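Residue numbers (the numbering used here): 5 to 511.
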């Protein structure tokens, strides 16, 4: 009796144990949630090879785990297309068992080929995607990239590859952006050699600082093709579709919509990496709690994080909570402010680990947090800072052009930054201090110079471009910022004072 599509949908498919192990590795590398994702990719990779795979390979090993036909191949026309492709590569598919053997063989061979491809590009997600596109002929046929075969900058559809070509990026400060004393245009080269690329914008409510900041981000995106990660604590950015469109950004609104990132991913497979990730999580989580946990509580949180990160991939916040509760039960420790904070936060799905950090941070996002509870706002921001810092640190230095202008990869922008600057979050401090060589830049938008001068860090010490609209900040703070006495309280609408390296103060 001939096979029907229903037969295929209801059948069980598996590969070898070694192929299944590679399948799980690829799922983690690529940020896929379900096993059928890399399985489909492996079968397709094998089908791209002209010679059929040896059927006896799956007889020499123990079998792997089973996947039903409907999630593996989809439904309707999808499952029909897969069946036709597999049948085309076989002499003849006789029955269900024969089809299962051919699928197992393609899955096994494709997994091995994908593992080799991943190793060939050194585990670089973007290069891996482009390698597969090249093997499929997509770039040569105009399916992706420019006419010369280079990756598309930004990729309006959310392409994970961004253009990090090094070139001068010169920003105009506002519209029309002219110096009131000379009438000349005020510009700033963000990636000039020997210069910090970070930006600080200040001004009271309604003075235009956010609008100017968004204009700078749009120029950055247009000139460099970099990705933008913008935090919106007021909802102003997400409510204006033109902003997201101009940045090529997708808006995500946790907790209504989880952020599609494996945010707790450990960046290496050794115990030291797990320990570092556990400490990083602890430092962020204790800054979310209403009161600072004691030393014993922090030690328990670190151990629970080590356990969860070491045994569960991908790791979710629920896994951290479960590991902590198990540890408390073992040590007969009573529940406390940490467990209460977990209870509050685990009511929501703030992250869904569907994307690896390399894929996520090469796209542009607006994270709209204005509807989230305050503790959730901080945790989302802090964990994203942790993930971004860890991602930056495993990257090679960004390229330089002949004039030593550095390529830009990802710009972190925080509107209403006063909401998080006062917590001394270690990863944010590291990003401000260390990300320049990796192609990172930071824009902090807040109301007063005092917001940037915290006990743990003076963020203004690492700022390249600083500008302030009208503000009632204390004279002492302003003198520290601009190096001289400045009256910002009397500035007219649309007028700001700026400090530009090598150009002094302008109005």
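Quick reminder that beta carbons are idealized off the backbone N, C-alpha and C, glycines included.
In this text the structure is predicted, and so the values were computed from the model without any measurement.
Can you list, in chain order, the residues of its chain with a C-beta nearer than 7 Å to that of residue i? Leave out the 5 residues immediately preceding and following it.
| i | result |
| --- | --- |
| residue 492 | 472, 474, 475, 477, 482, 501 |
| residue 429 | 288, 291, 386, 389 |
| residue 515 | Lying before the first or after the last residue shown, residue 515 is absent from the chain, which here runs from 5 to 511. |
| residue 323 | 312, 316 |
| residue 164 | The predicted position of residue 164 is uncertain, since its pLDDT is 39 and thus under 50; no value can be drawn from it. |
| residue 162 | Low confidence applies to residue 162: its pLDDT is 38, below 50, so where it sits in the model is not reliable enough to give any reading. |
| residue 283 | 306 |
| residue 189 | 176, 181, 182 |
| residue 278 | 270, 310, 313, 314 |
For residue i, I'd like the list of residues in its chain whose CB is within less than 8 Å of its CB, leaving aside the five on either flank, ordered along the chain.
| i | result |
| --- | --- |
| residue 151 | Because the pLDDT at residue 151 is just 35, under 50, the model does not fix this residue reliably, and the point stays unresolved. |
| residue 415 | 221, 224, 230, 231, 232, 233, 444, 445, 446, 447 |
| residue 72 | 13, 14, 15, 16, 17 |
| residue 275 | 314 |
| residue 36 | 30, 42, 358 |
| residue 78 | 86 |
| residue 302 | 286, 290 |
| residue 209 | 451 |
| residue 127 | 33 |
| residue 248 | 241, 242, 254, 255, 370 |
| residue 458 | 425, 426, 428 |
| residue 494 | 474 |
| residue 466 | 200, 202, 436, 437 |
For residue i, which three-state DSSP category applies?
| i | result |
| --- | --- |
| residue 503 | strand |
| residue 143 | Residue confidence for residue 143 is low, a pLDDT of 48 falling below 50, so the modelled location carries little weight; the figure read from the coordinates is stated next. Coil at residue 143, not helix or strand. |
| residue 159 | Bear in mind that the predicted position of residue 159 carries a pLDDT of just 33, short of 50, making it unreliable; the figure below should be weighed with that in mind. DSSP places residue 159 in coil when its eight states are reduced to three. |
| residue 444 | strand |
| residue 370 | strand |
| residue 509 | Confidence in residue 509 is poor, its pLDDT being 48 and thus under 50, which makes the residue's placement unreliable; the coordinate value appears in the next sentence. Residue 509: strand per DSSP, three-state reduction. |
| residue 17 | strand |
| residue 67 | strand |
| residue 404 | strand |
| residue 423 | helix |
| residue 90 | helix |
| residue 399 | coil |
| residue 81 | helix |
| residue 193 | strand |
| residue 183 | coil |
| residue 50 | helix |
| residue 462 | strand |
| residue 531 | The structure shown does not extend to residue 531, since the chain spans only 5 to 511, so no value can be given for it. |
| residue 12 | helix |
| residue 150 | Caution applies to residue 150, whose pLDDT of 38 falls short of 50 and renders its modelled position unreliable; the value that the coordinates give is listed next. Coil at residue 150, not helix or strand. |
| residue 449 | strand |
| residue 97 | coil |
What whole-angstrom Cβ distance do residue i and residue j have, given they're in contact under 8 Å?
| i | j | result |
| --- | --- | --- |
| residue 371 | residue 236 | 7 Å |
| residue 68 | residue 121 | Going by Cβ atoms, the distance from residue 68 to residue 121 rounds to 20 Å, so no, they are not a contact pair. |
| residue 110 | residue 97 | Not a contact, Cβ separation roughly 12 Å. |
| residue 46 | residue 27 | 7 Å |
| residue 175 | residue 191 | 6 Å |
| residue 239 | residue 374 | 4 Å |
| residue 468 | residue 170 | Incorrect: roughly 17 Å between the Cβ atoms, too far for contact. |
| residue 56 | residue 93 | 5 Å |
| residue 419 | residue 214 | 6 Å |
| residue 361 | residue 269 | 6 Å |
| residue 259 | residue 353 | 7 Å |
Mind checking which residues open and close the beta strand (DSSP E) that includes residue i?
| i | result |
| --- | --- |
| residue 256 | 253-256 |
| residue 233 | 231-236 |
| residue 203 | 203-206 |
| residue 309 | Residue 309 -> not in any beta strand (DSSP E); alpha helix (DSSP H) instead, spanning 299-315. |
| residue 364 | No beta strand (DSSP E) contains residue 364, which is instead part of the alpha helix (DSSP H) from 361-364. |
| residue 295 | Counting along the chain, residue 295 falls outside any beta strand (DSSP E), and DSSP gives it neither H nor E. |
| residue 470 | 469-472 |
To which residues of the same chain is residue i closer than 6 Å at the C-beta, ignoring the five residues directly before and after it?
| i | result |
| --- | --- |
| residue 263 | 256, 355 |
| residue 159 | Residue placement at residue 159 is flagged as unreliable, the pLDDT there being 33, under the threshold of 50; the coordinate-derived value follows with that caveat. So the list is empty, once near-sequence residues are dropped. |
| residue 381 | 373 |
| residue 461 | 433 |
| residue 113 | 50, 57 |
Tell me where the alpha helix (DSSP H) around residue i begins and ends.
| i | result |
| --- | --- |
| residue 171 | Taken as a continuous stretch (DSSP letters only), residue 171 belongs to no alpha helix (DSSP H), as it is neither H nor E. |
| residue 414 | First-last for residue 414: 414-419, but that is the beta strand (DSSP E), not the alpha helix (DSSP H). |
| residue 327 | 321-334 |
| residue 224 | 213-228 |
| residue 431 | 430-438 |
| residue 106 | 100-124 |
| residue 278 | 275-289 |
The segment 431-446 touching the segment 236-248, judged by at least three CB pairs closer than 8 Å:
no
Are three or more beta carbon pairs between the segment 395-406 and the segment 420-427 nearer than 8 Å?
no
Between the segment 329-346 and the segment 294-314, can you find at least three pairs of beta-carbon atoms closer than 8 Å?
yes
Should the segment 400-410 be called in touch with the segment 310-320, which here means at least 3 C-beta pairs below 8 Å?
no
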